[in-house]
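In order, the protein sequence lines correspond to chains A and B.
Under the numbering used here, residues 1322 to 1514 are what the first sequence spells out, in order.
Under the numbering used here, residues 4 to 867 are what the second sequence spells out, in order.
Note that beta-carbon positions come from the ideal geometry of N, C-alpha and C, so glycine has one too.
Since the structure is predicted, the reported quantities are computational estimates derived from the model, not experimental observations.
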Amino acid sequence: MQTSRRDFFKVAAVGGVAATIFGFDLKPAYAQLKELKIARAAETRSTCPYCAVGCGVLIYTIGDKAKNVTPQVIHVEGDPDHPTNRGTLCPKGSSLEQDMLNPRRLTKPQVRRPGATDWQDISWDTALNEIAQWTKKTRDASFVEKDANGRTVNRCEGISFIGGCTDTNEFNYLVVKAMRSLGLVYLENQARV
Amino acid sequence: MTNGWIDIKNTDMMLIMGGNPAENHPCGFKWAMEAKRNRNAKLISVDPRFTRTSATADLFVQIRAGTDIAFLGGLIRYAIENNRYAKEYLVNYTNAAFIVKEGFKLPEDGLYSGFNSGSGTYDKTTWNYQEGGDFSGKTDAPATPTHAAAAAASSAGAASGHAPEPAPGKPAGPAPPPVLPPNVAYDLTLQHPRCVFQLMKQQYSRYTPEAVERITGIPKEQYLKAIELFTSVRKDGDMKKVATIIYAVGWTQHTFGTQIIRTAAMIQLLLGNVGRAGGGVNALRGHSNIQGATDMAGLYDSLPGYLKAPVPDDVDLPTYLKRVTPTASKPTPWDSMNYYQNTPKFFVSLLKSMYGDAATKENGFAFEYLPKIDRDYSWTHIWEDMYNGKVKGMMAFGMNGVMIGPDTTKNINALKKADWLVVGEIYPDETSEFWRAPGISTDEQKKINTTVYRLPCAGFAEKDGSMTNSARWVTWKYAAVPPPGQARLDQDIIAQIFLRVRDLYKKDGGQFPDPILNLSWAYADAAHPPLTQVAMELNGRALAELTDPVTKQVIKAGQQLPGFAWLKDDGTTMCGNWIYSGMWTEAGSQIQRRGTEDPSGMGVFPNWAWSWPANRRVLYNRASCNPAGKPWDPDRKQIWWNEAAGKWVGNDVPDFKPDSNPKDHLGPFIMNPEGVGRLFAPIGVLADGPFPEHYEPIESPTKNLLHPDQSNNPLVKKFKSPYDKFGDPAEYSIVCTTYRLTEQYHYWTKNNPMNVQLIPEPFVEIPVELADEKGIRGTDMIHVISARGTYTAKAFVTRRLKPMMIDGKKVYQIGLPIHQGFRGIDEDEGRNARTPANLLTPAVTDPNAHTPESKGFLVKVEKA
């Protein structure tokens, strides 16, 4: 992967035509700077999470070669090989690094209890257990096995699941599997609105 | 999209309407510019607002929001009157020649035949084809003897525009749903007065340029210029050139949104542009995986791969399959592949992937495990039913329901009544903090009893998995970094909730635990399902040894399937989503491919990722050739018939039976039982009419000028909650529309310093003339007030929105972006009014797609 990436910059440098405007060739210098920044980085191919053009993006991280070291994002850019965006990104795609390294990110589970005026921390284990209990309680209370005409309907009418549309196909499929098995009918996502 | 992003470069003509790709899909829009640069293609931009797409257009036309069907219907009229349509394509590839049942009535008064004003629904008996044979050159097709009585009854009802009354003394039980006749009566000369072509011609004869001007506000001369330019690709019926129609949510967010898109499809069929490189009907979807999430069916009325959700009358699997599996309906001499005849194979394979060994032949493959729907459970109903105390709990993952609206205030008040809410997000959002939305005092918060869990999820770079773009390209992405802090992968959270619920049912029992206990969750690590394994499940695998009867190819039990053609309805295959079958085969993952070669030069890139279905890049590509199998344009060859080899070959995967000789006249629209494209949508494919008709938005500054007594779509229902209020045009006279900006993404990037720097605060675009009238200057704070709420932001006085003359009356339109709310960098620092845009929008929806009318509602404007 990295070899082909370097090849790309070499080609870009050799192919530069703007060089003579300045009387000297800036391209190798730029290419070298780029090389330095990402030289020891790992390149990960990803897809922009925003609109549905589906631009290819390359995420460069360092520090993931050693055990117990968390990789750090150092650079994000459009994937020059991607046939659709050909390396370009829009103002949203260009700010993806900030989306990954953002101090506003949620990093711990929280709960807002009935009547509370603020959040309190909660452990994952407690949160998941409570959610499972709510789910079962609400399902059991709202489950309709047969309708007024005696037809089997096996619906859970007390719970709704709503999903955004920036997560993967696999995530969405797992949601459908799990939620339909609980009998959910109020199952909707961003595609509707 | 029927086509794809890169394919836009192959076009000669672009109509971009209900979308603004230059700003909302900038990196895809480059292909429109490529078409302009390299092919001298023309671009027509039709929008209420002069956008940056309009700025690149050869022709910009300002339209009143919500009058798109009038614009497009007039285009159909013009194309027919001026011989600017594809005659051979029309006769052979659409249902133009099909004869419609006697008694079918066009909506001159705003209603099709069969309307029941009591129930507010249609009896669709007459919305059907006449049974019979070839009536070319004959004036009438007789009513089918077996159905004669029914036809007479329905035509009698139709004469008054109402459904026939039930016979006295008999209860009015539900009529059996109409079915398509196997042998359709047809007239290849297109002269029969009840053939689809003549009915369509009659339907749009009312859409004269004068009528279009009165309705849309587009001056007649400008309108004629636009439709002349668009239809110029089919001048004198010449087939060489091709045009594309490109749209986004500016078309879907109306109470007649599906019908707008159908009008576009009809135009593209009439002009012979579907199936062709540079053609098609192309939806520019707004979220990175909104296509995939739709395909996976996170929607109440469908199951993965567009299979229909079962209803209570589907008492068992055979009954369900009989209802949802269509049978061919066509002129006798023609062939129809009717690909959905394979529905049982897709459906049983889905049940096998859901319930594994618990799905047996004996128990109908666990069909009874699936919930049966009996009414509309769509988005706006969730909030209505939560407000009414029915929906008690909600899980929201990456979905900010408060911001999305419509009618933010209603959604907040609904959440106050819920017992519990689980929000999975990466940033603090408005939905998880509904209980402290602006205006809710501390004392009031203490009275809100909803328990809210906010779970930290993973960002895009922290998750692997596949996403499907607008072009149906399914592409794998890889995780670059782990989630921060205690944040977890979304799929792990879903798995962990589900497994804990399952444990509770195992331990304590409860209501019908069978589907929960038997759900197939056999992933390598159940609490952390590897998505590669889920992707392989989506593709499907053999559960027993399979042998192809023709090629004798053998697939062993446990092997990945090469594609959906291998699926079986006897439980010997499993497949999570049939349209994705082929994406991860024994040859490996097709969705991770990075082949950059494009042998045809037409932007096909057949080895880059994988596109559903079967790696076809342009859908219906059989229609890119004439009936004899030769490309309409030899310079843009996609696929063609190779007589010597006896098969279809070319630069794309044929979307067709590969060995079907053109002389067999197999229809190119293989997913329709007719085998041809539908100008006329029969038997309630759409709930509100076989042809699109212009209706006004629910809130409109004018009566419907075609039929003032039936202004709105007759099937639209309004909720009765105290929040469902509608504005009188006498008080709320301004048309308002909402949109996105290039620099912000929905409700996430307001957490990114860079995007906030670029677009620091909300604003309202208002016309100079309106600003002058109200004494408003640029940057003054103003209130935009609808019957439902007040939005406050700075005025952005502009000439991009001009006042329009609607039937002799001056009408203003204003527009506002949707991005800011009450949590975000600037919101938290008190730098804006913290009023979400969807405070303003009404919870009324399209009867087909159930999408709310977020475009074209009424407001008034005041200085703050």
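Closer than 8 Å to chain A by CB, residue i
i: Cys30 (chain B); result: yes
i: Trp382 (chain B); result: yes
i: Gln494 (chain B); result: yes
i: Val656 (chain B); result: no
i: Val557 (chain B); result: no
i: Pro174 (chain B); result: Any reading at Pro174 (chain B) is ruled out, since the residue's pLDDT is 45, under 50, leaving its predicted position unreliable.
i: Lys728 (chain B); result: no
i: Gln194 (chain B); result: no
i: Val621 (chain B); result: no
i: Glu832 (chain B); result: no
i: Leu373 (chain B); result: yes
i: Leu272 (chain B); result: no
i: Ala296 (chain B); result: yes
i: Ile779 (chain B); result: no
i: Gln489 (chain B); result: yes
Below-8 Å beta-carbon distance, residue i vs any chain B residue
i: Ile1395 (chain A); result: no
i: Cys1486 (chain A); result: yes
i: Ile1359 (chain A); result: no
i: Ile1383 (chain A); result: no
i: Asn1450 (chain A); result: yes
i: Asn1515 (chain A); result: Any question about residue 1515 (chain A) goes unanswered here, given that chain A covers just 1322 to 1514.
i: Gly1336 (chain A); result: Below a pLDDT of 50, predicted positions are generally treated as unreliable, and Gly1336 (chain A), at 41, falls in that range; no measurement from the model is reported.
i: Asn1389 (chain A); result: no
i: Thr1324 (chain A); result: Below a pLDDT of 50, predicted positions are generally treated as unreliable, and Thr1324 (chain A), at 41, falls in that range; the measurement from the model is reported next regardless. No, Thr1324 (chain A) lies away from the interface with chain B (no Cβ there is under 8 Å from its Cβ).
i: Ala1453 (chain A); result: yes
Of the listed residues the options, nearest to residue i (C-alpha basis)
i: Ser469 (chain B); options: A:Thr1438, A:Thr1489 and A:Leu1503; result: A:Thr1489
i: Gly367 (chain B); options: B:Asp317, B:Phe400 and B:Val394; result: B:Asp317
i: Thr793 (chain B); options: B:Arg803, B:Asp810 and B:Glu865; result: B:Glu865
i: Gly670 (chain B); options: B:Leu373, B:Asn98 and B:Met397; result: B:Asn98
i: Asn1406 (chain A); options: B:Asn472, B:Asp298, B:Ser116 and B:Thr297; result: B:Asn472
i: Val767 (chain B); options: B:Asn675, B:Lys863 and B:Gly295; result: B:Lys863
i: Gly404 (chain B); options: A:Cys1486, A:Met1421 and A:Ile1452; result: A:Cys1486
i: His749 (chain B); options: B:Glu433, B:Lys797 and B:Gln205; result: B:Glu433
i: Glu1509 (chain A); options: B:Pro347, B:Val738, B:Trp382 and B:Pro693; result: B:Trp382
Boundaries (first-last residue) of the beta strand (DSSP E) holding residue i
i: Asn542 (chain B); result: It is not in any beta strand (DSSP E) - Asn542 (chain B) instead sits in the alpha helix (DSSP H) that spans Leu534 to Asn542.
i: Asp50 (chain B); result: Lys45 to Asp50
i: Phe1482 (chain A); result: Thr1473 to Gly1484
i: Tyr1381 (chain A); result: Gly1377 to Ile1383
Counterpart residues of residue i in DSSP-defined beta bridges
i: Ala796 (chain B); result: B:Ile785
i: Met470 (chain B); result: B:Thr478
i: Cys198 (chain B); result: B:Ile102
i: Pro820 (chain B); result: B:Tyr742
i: Gln1431 (chain A); result: A:Asp1442 and B:Arg457
i: Pro877 (chain B); result: This structure leaves residue 877 (chain B) out entirely; chain B is present only between 4 and 867.
Range of the contiguous alpha helix (DSSP H) that encloses residue i
i: Phe501 (chain B); result: Asp493 to Asp511
i: Gln448 (chain B); result: Thr445 to Gln448
i: Ser1502 (chain A); result: Asn1490 to Ser1502
i: Asn41 (chain B); result: Pro29 to Arg42
i: Asn758 (chain B); result: Pro756 to Leu761
i: Gly295 (chain B); result: Ile293 to Asp298
i: Phe74 (chain B); result: Asp71 to Glu84
i: Glu216 (chain B); result: Pro212 to Thr219
Assumed close pair residue i, residue j - CB separation to whole angstroms, cut-off 8 Å
i: Cys1372 (chain A); j: Asn27 (chain B); result: 6 Å
i: Phe567 (chain B); j: Gly579 (chain B); result: Not confirmed; about 12 Å, so no contact.
i: Asn6 (chain B); j: Gly283 (chain B); result: 4 Å
i: Val394 (chain B); j: Ser1481 (chain A); result: 5 Å
i: Cys460 (chain B); j: Ile496 (chain B); result: 7 Å
i: Pro634 (chain B); j: Leu287 (chain B); result: The pair is not a contact, with the Cβ atoms about 27 Å apart (cut-off 8 Å).
i: Asp304 (chain B); j: Ile376 (chain B); result: 6 Å
i: Tyr380 (chain B); j: Thr234 (chain B); result: Rounded, the Cβ-Cβ distance is 42 Å, inconsistent with contact.
i: Lys420 (chain B); j: Met389 (chain B); result: 6 Å
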